[in-house]
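Using the working numbering, you'd call the opening residue of the sequence shown number -16 and step up by one each time. Just so it is clear, CB atoms sit at the ideal spot from N, CA and C, and this is done for glycine as well. Everything on this sheet refers to the single structure shown next.
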Amino acid sequence: MKSSETSVSLETLVSLCKRRGFVYPAADIYGGINGIYDFGPLGTLLKKNIRKAWLASLENDRGPIVEIEGSLLAPEAVWKASGHVEGFHDPMIDCKNCKHRFRSDDTDFSKGCPSCGKNDFTDIRNFNMMFKTQLGALESAAATCYLRPETAQAIFVNFKNVLTTARVKMPFGIAQAGKAFRNEITPKQFLFRMREFEQMEIEWFCKPETSNDYLTFWIEHRLAFYKAIGINTEKIRIREHEKHELAHYAARCVDVEYNFPFGWKELEGIAHRGAFDLTQHTTHSGKDLAVFDEETRESYMPHVVESSIGVDRLFLTLLFDSYREDEVEGEKRIVLAFAPSIAPITVAFMPLAKKLSEPVEKLYRAVKEAGFTAQIDESGSIGKRYRRQDEIGTPFCVTYDFDSEQDHCVTVRDRDTTKQERIPADQLIDYLKNQMKKERTA
Ligand code: GAP
-16 MKSSETSVSL ETLVSLCKRR GFVYPAADIY GGINGIYDFG PLGTLLKKNI RKAWLASLEN
44 DRGPIVEIEG SLLAPEAVWK ASGHVEGFHD PMIDCKNCKH RFRSDDTDFS KGCPSCGKND
104 FTDIRNFNMM FKTQLGALES AAATCYLRPE TAQAIFVNFK NVLTTARVKM PFGIAQAGKA
164 FRNEITPKQF LFRMREFEQM EIEWFCKPET SNDYLTFWIE HRLAFYKAIG INTEKIRIRE
224 HEKHELAHYA ARCVDVEYNF PFGWKELEGI AHRGAFDLTQ HTTHSGKDLA VFDEETRESY
284 MPHVVESSIG VDRLFLTLLF DSYREDEVEG EKRIVLAFAP SIAPITVAFM PLAKKLSEPV
344 EKLYRAVKEA GFTAQIDESG SIGKRYRRQD EIGTPFCVTY DFDSEQDHCV TVRDRDTTKQ
404 ERIPADQLID YLKNQMKKER TA
C-alpha cells in the first residue's frame, strides 16, 4: 500500500514534535520562551541530516565552495557597514488598550486589534531586530556588539582571508551553516519565524558581468536540492521580488516558496547582492576587498550571488511535506514519509523474543559502524513497534525471529509500502546503502 499526502495542522505537528522528542519549547520547565526552541534527540538527528544534504549539494561544476565558521558576535562597525544598524527593522505598532504589540506590515487591522478588538493604536515605529550587547565590563561605543542576524557578514568580512589562504580562484563560493538571531516582534508558526534560528548560506563571488547568469544557475541548482531531499516539487515555486520588496543590499532577489497550510511562504532567498557588501566593508574598514584580474591587469569588486535558507524552516517544511495519515489492516497510522537520507533513524531492529537480543545487538552495532542511525525497539507488539517507527519516519524495520537463527536471514519491512522482504543478514548493510540512494516513494 502507498500512503497518500495528508494535510496536517500546525498544532498536530507541534504536539507530535514534543511527544516524540523532535522539538521542545526552550526552558520548557520554566514555561518556555517565545520564538526559541530546543531540539530533542530525533530533532537533532534530523537537523544533522539536513546540514549533511546541504553540504553535499554544494558540489557543482562551476567552482569550489569552501566552508567557514564565523563568530556569532561582531562589533557594531560590521553592522554599520552592512546596513543592519540603519535598515534592519520591522514596523511596529502597539494596541493602547491591551498592550499587545504587532508588526504593522504583517497584521490585518481591518477589524481592530487582533487581540482585543479595540481600535486604539500607537503610531507605527521602526524596531531594529538585532540583539545588542556589550563586551566586557565597560560600557562604551567601542564595546558594543550585536548577535549576528545573518551568517553572511562573517563571510564578507573574511572574503580576503579566504581568498589568500584557501587556494581558491574566482569564481568561488564560501558557505556557512550556523546560528542567527533576530528579535522578531511577533515570532510565529512554530519553527517558521523564530528569534534564534540557524541559516545555511552560500555566497558566490564572481565577475560582475557573469552575476546574472550565476543567479540563474543557482536557482536551478537549489531547486535540484529540494528534489534530492524528497520535497514534493509541486509545492515549491519561485517568486521574483518586486522592486519595492528588495532588501537594501539586493539588486534582484527570488524567493523559493513552499505551499504551507498558512499559504505560500518564503523558504529560501536567492539574491543578486551585486558589489554592495564588499564595497561597504572596503569603505568602512579601509581594507581594499577588490580582486586583481591577471588577464585584464585591472582590479574589480566581485559581485555576489547568495543562497540563504533556514535550517529550522526547512525542518518544518519537511515535517509538513512528509506527514501522512492512512490505514493499515484496519488500523490508523501516522507516517512521516521522509526520504531515507533525511530520516533521523534509518533502521529499527525488532527482536521477536528477548532470547534473540544478542544476535540483534551484533547486527545493530555493525549497521551503526557502517554509518547508519539505528535503534533497537523491543517493547510491545510488533504492530505497535511498527506504528512507533512510522510516526518518527524510520524507513526500515528489521525483524529477527527464530528462523533467522537457522537461515541467517532477516525480514526488512518498508515504511511506505509496508511490504516485507527476507534478505540474508550479512547483506543488510549493502541493502541499506542501495535504499539510501532511492527517491522517496510515498
Ligand atoms: N543573508 C540573507 C538573509 O538572511 P533572509 O531572507 O532574511 O535573508 C534567509 O533570511 C532565510 O533564513 C529565510 O528564507 C528563512 O529560511 C530563514 N529565516 C529568516 N528569518 C527567520 C526566522 N526568524 N526564523 C526562522 N528562519 C528564518
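Does the ligand GAP have even one heavy atom less than 7 Å from the beta-carbon of S40? no
Is M75 helix, strand or coil when you go by DSSP? strand
So V330 and L415 are in contact, right, with Cβ under 8 Å, and what is the actual spacing, rounded? 6 Å
Assign I12 to one of two classes, buried (16 or more other C-beta atoms within 10 Å of its C-beta) or exposed (fewer than that). exposed
Find the nearest neighbour of T216 within the set C0, E(-6) and D304, judged by alpha-carbon distance. D304
Proximity to T265 [Cα-Cα], best of A60, R84, G26 and P154: A60
Expressed to the nearest angstrom, what Euclidean distance is found between the alpha-carbon atoms of A408 and L335? 15 Å
Helix, strand or coil: which one does DSSP assign to G26? helix
Are the beta-carbon atoms belonging to G156 and I185 less than 8 Å from one another? yes
Start and end residues, beta strand (DSSP E) containing H204: Where H204 is concerned, there is no enclosing beta strand (DSSP E), although the alpha helix (DSSP H) it sits in stretches over S194 to A211.
Minimum C-alpha distance to G53 - residue among G66, N109 and E133: E133
How big is the Cα-Cα spacing for Y232 and R131? 16 Å
Which runs of the beta strand (DSSP E) spanning at least 3 residues fall entirely within the stretch 289 to 313, listed in chain order? 306 to 311
Just to confirm the assignment, what range does the alpha helix (DSSP H) spanning A137 have? A135 to V140
Return yes when the C-beta of S290 is under 7 Å from any heavy atom of the ligand GAP, and no when it is not. no
I need the DSSP call for L335, collapsed to helix, strand or coil. coil
Give a single yes or no on whether M177 has its beta carbon closer than 7 Å to a heavy atom of the ligand GAP. yes
Distance, Cα to Cα, K79 vs D103? 6 Å
Reduced DSSP secondary structure (H/G/I, E/B, other) of C81: coil
Going by the DSSP bridge assignment, what does S282 pair with across the sheet? F275
Would you call the stretch 10 to 25 in contact with the stretch 176 to 195, where contact means no fewer than 3 C-beta pairs closer than 8 Å? yes
Looking at the unbroken alpha helix (DSSP H) that takes in G366, where does it start and where does it end? I365 to I375
Would you call the stretch 41 to 52 and the stretch 92 to 102 touching, i.e. three or more CB-CB distances under 8 Å? no
Would you report the Cα separation of Y209 and V239, rounded to the nearest angstrom? 10 Å
Taking its Cβ as the centre, do 16 or more other Cβ atoms sit within 10 Å of T382, making it buried, or is it exposed? buried
Give me the residue from L302, Q263 and A353 with the minimum Cα distance to L(-1). L302
Whose C-alpha, out of S290, I412, T279 and D386, is nearest the C-alpha of S345? Per the sequence shown, residue 345 should be read as Lys rather than Ser. Ranking the options by Cα distance to K345, first place goes to I412.
Counted within 10 angstroms of its Cβ, other Cβ atoms place T377 as buried (16 or more) or exposed: buried
Cβ-heavy atom distance, G252 to the ligand GAP, below 7 Å: yes
My parser needs the beta strand (DSSP E) runs of 3 or more residues fully inside the stretch 114 to 166; what are they? 115 to 117, 127 to 130 and 155 to 164
Would the stretch 35 to 47 and the stretch 68 to 75 be scored as touching if the rule is three or more Cβ pairs under 8 Å? no
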